[in-house]
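Engineer: Sharing a structure with you now.
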Amino acid sequence: MIQLKPEVFACFNKTTEGLHRALQTAIELEHSTIPPYLYALYSLNPASNASIYGLISSIVTQEMLHMSLACNILNAIDGKPSIDRPKFIPTYPGPLPGSVEQGLIVGLSGFTKHLVKDTFMVIEEPEDPLNFPVRAGALAAAPGQTIGEFYDRIKKEIIEISKHRNIFKGDPRKQLKVGFTDLIAVTDVDSAVQAINLIVEQGEGTTTSPLDPEDQPAHYYRFAEIYYGKKLIRNLNPHPGEPAFVYGGAPIPFDPKGVTPLVTNPKASQYPANSQAADTNNNFNFTYTSMLKSLHKVFNGHPDRIAPTVELMESMKLQVRYLTTVEVGNGLYAGPSFEYRPVNA
């Protein structure tokens, strides 16, 4: 699980400014998971690894939703989401924003089941993961403070401060209401709590269920489905003491031959100047940076720009399809470096 260092929680000081800092960290955390998930996704053949491709795609889409919800909450309390800056993008490999204990280092790597277990499931793990057998074996819990706990602290701060004064003074016209399914316009305590609960439940499930509000496995359990190769299903006739769910449904096949061997943790500087890999990667980074700039405008007073922002996301997909066909030697292929590149706004 992501374990946030004590200094991250120092921002909770029952002030609006403290909430602004906490929510900016939340926005950066949500974004920081997307490049590693996408990089693994880009390495997969969507035909031969269709089930895995679909599951990771669904998680990426919801991470974008979570980032949007965090921005809506910050805007609602009159903050200003900061997205258009180089340091908004973490360094890969490295810790995620907010710092990560126990040495969790997240990089950009092609898909492997070990990557899913050792990185992706660690990122999404709840404080107390529910243990379900794979017809044998179970998931292990680990101690520490999770992103879910971090959001719980934000929620408690919002509720506590709001008992004494109104903090929801942000311009409601800044709220993003379209572009992603399940978006929530935040205007008061109740809608802020609703948004936070959705973020946590889609990522971690609840303390009693692995399912999110749409009755689908939360991110942690979707990654577990990929790792174990079986869908998580209800145990329809459990004996006393048996769990309510089990990894025993339809198989989720993995075809190792359907994975492009991408370079690990690429940097633009590593691709030879004027090479096919360098030029295509630079084009991808320009589009990625343009997308971040566009998102910054979306959440700073121009929610109507979400359509061109989504178009830039689609352009990234097209560019990476070509980039991952470029050989760079030693049987490896190029991958996007997800680096900030100055472009005209």
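Heads up: the sequence shown begins at -5 in the working numbering, then just goes up one per residue.
All residues carry an ideal CB built from backbone N, CA and C; glycine is no exception.
Who are the near neighbours of T254 in its chain, counting only those whose CB is closer than 7 Å to its CB and skipping five residues on each side?
Structural biologist: Result list for T254: S37, G104, T318, Y327, in chain order.
Engineer: At which residues does the alpha helix (DSSP H) containing E236 begin and terminate?
Structural biologist: Where E236 is concerned, there is no enclosing alpha helix (DSSP H), given that its DSSP letter is neither H nor E.
Engineer: In or out: E321 buried (at least 16 other Cβ within 10 Å) or exposed?
Structural biologist: Classification for E321: exposed.
Engineer: Between which two residues does the beta strand (DSSP E) containing V322 stretch?
Structural biologist: First-last of the beta strand (DSSP E) with V322: 321 to 323.
Engineer: Note down the Cα distance separating L68 from L177, rounded to an integer number of angstroms.
Structural biologist: Between L68 and L177, the C-alpha separation is close to 14 Å.
Engineer: With a threshold of 7 Å on Cβ separation, who are the neighbours of A132 within its own chain once the five nearest residues in sequence on each side are excluded?
Structural biologist: Annotation note: pLDDT 34 at A132 (below 50); position unreliable, coordinate value reported separately. Same-chain partners within the cutoff: N125, F126.
Engineer: Just mark N66 as buried or exposed, buried being the case when its beta carbon has 16 or more other beta carbons within 10 Å.
Structural biologist: So N66 ends up on the buried side.
Engineer: Taking Cβ to Cβ, would you say F332 is nearer than 9 Å to I83?
Structural biologist: Yes, Cβ-Cβ distance for F332 and I83 is below 9 Å.
Engineer: Ignore the nearest five residues each way along the sequence and tell me which others in G295's own chain have a CB closer than 8 Å to its CB.
Structural biologist: D165, R167, K168.
Engineer: Checking 9 Å against the spacing of the C-beta atoms, do V172 and I300 come in under that value?
Structural biologist: Against a cut-off of 9 Å, the Cβ pair of I300 and V172 comes out as a contact.
Engineer: Under the assumption that I71 contacts L13 (Cβ atoms under 8 Å), give the Cβ distance between them as a whole number of angstroms.
Structural biologist: Sure, about 6 Å apart at Cβ, within 8 Å.
Engineer: Evaluate the contact criterion for the region 184 to 191 versus the region 40 to 59: three or more CB pairs, one atom per stretch, below 8 Å.
Structural biologist: Result no; under three Cβ-Cβ pairs closer than 8 Å.
Engineer: So, with DSSP's three-state summary, where would you put G97?
Structural biologist: In this structure, G97 counts as coil in the three-state DSSP scheme.
Engineer: Cutting at 7 Å between CB atoms, please list the residues of its own chain near Q270, excluding the five before and the five after it.
Structural biologist: Once the five neighbours on either side are set aside, the close Cβ partners of Q270 are V320.
Engineer: How many angstroms separate the CA atom of F293 from the CA atom of I117?
Structural biologist: Their backbone Cα atoms lie some 26 Å apart in a straight line.
Engineer: Assign L205 to one of three DSSP states: helix, strand, or coil.
Structural biologist: It is a strand residue.
Engineer: Is the region 151 to 163 in contact with the region 275 to 286, if contact means three or more CB pairs nearer than 8 Å?
Structural biologist: The region 151 to 163 vs the region 275 to 286: no contact.
Engineer: Are the CB atoms of I193 and L90 nearer to each other than 9 Å?
Structural biologist: No, Cβ-Cβ distance for I193 and L90 is not below 9 Å.
Engineer: With DSSP collapsed to three states, give me the class of A342.
Structural biologist: Any answer about residue 342 is impossible in this case: the structure gives the chain only from -5 up to 339.
Engineer: Here's a check: name, in chain order, each residue in its chain whose Cβ is nearer than 8 Å to the Cβ of D249, leaving out the five neighbours to either side.
Structural biologist: Contacts found: N39, S42, N43.
Engineer: So for K8, helix, strand or coil by DSSP?
Structural biologist: Coil at K8, not helix or strand.
Engineer: Could you check what DSSP says for I161 in three-state terms: helix, strand or coil?
Structural biologist: Three-state result, I161: coil.
Engineer: Strictly by DSSP, which residues pair up with V253?
Structural biologist: For V253, which the question treats as bridged, DSSP gives the partners L38.
Engineer: Tell me, which residues are paired with L326 by DSSP?
Structural biologist: According to DSSP, which records beta bridges pairwise, L326 is partnered with G323.
Engineer: Using a threshold of 9 Å, state whether the C-beta atoms of P330 and N279 are closer than that.
Structural biologist: Yes; because the gap between Cβ atoms is below 9 Å, this pair is in contact.
Engineer: When burial is assigned at 16 or more other CB atoms within 10 Å of the CB, is G323 buried or exposed?
Structural biologist: The residue is exposed, with fewer than 16 neighbouring Cβ atoms inside 10 Å.
Engineer: From what residue to what residue does the alpha helix (DSSP H) around R216 run?
Structural biologist: From DSSP, the alpha helix (DSSP H) with R216 extends over 213 to 222.
Engineer: Do the region 27 to 36 and the region 105 to 115 touch if we need at least three Cβ pairs shorter than 8 Å?
Structural biologist: With the cut-off at 8 Å, the region 27 to 36 and the region 105 to 115 touch.
Engineer: Determine, using beta carbons only, whether E198 and I141 come nearer to each other than 9 Å.
Structural biologist: For E198 and I141, yes; Cβs fall inside 9 Å.
Engineer: Mind reading off the beta-carbon distance from A262 to N276? Whole number of angstroms is fine, and I expect it under 8 Å.
Structural biologist: Sure, about 6 Å apart at Cβ, within 8 Å.
Engineer: Please look up how many angstroms separate the CB atoms of P80 and I99, rounded, as I've assumed it's under 8 Å.
Structural biologist: Going by Cβ atoms, the distance from P80 to I99 rounds to 20 Å, so no, they are not a contact pair.
Engineer: For R228, list the residues DSSP reports as bridge partners.
Structural biologist: For R228, which the question treats as bridged, DSSP gives the partners F239.
Engineer: Using the Cβ count rule (16 or more neighbours within 10 Å means buried), how would you classify L230?
Structural biologist: L230 is exposed by the Cβ-count criterion.
Engineer: With DSSP run on the structure shown, which of helix, strand or coil describes G142?
Structural biologist: Note: G142 maps to helix in three-state DSSP.
Engineer: Identify the continuous alpha helix (DSSP H) that holds F280 and give its terminal residues.
Structural biologist: Segment 270 to 292, the alpha helix (DSSP H) holding F280.
Engineer: Tell me whether G73 is buried or exposed, calling it buried when 16 or more other Cβ atoms sit within 10 Å of its Cβ.
Structural biologist: Counting Cβ neighbours within 10 Å, G73 comes out buried, since at least 16 surround it.
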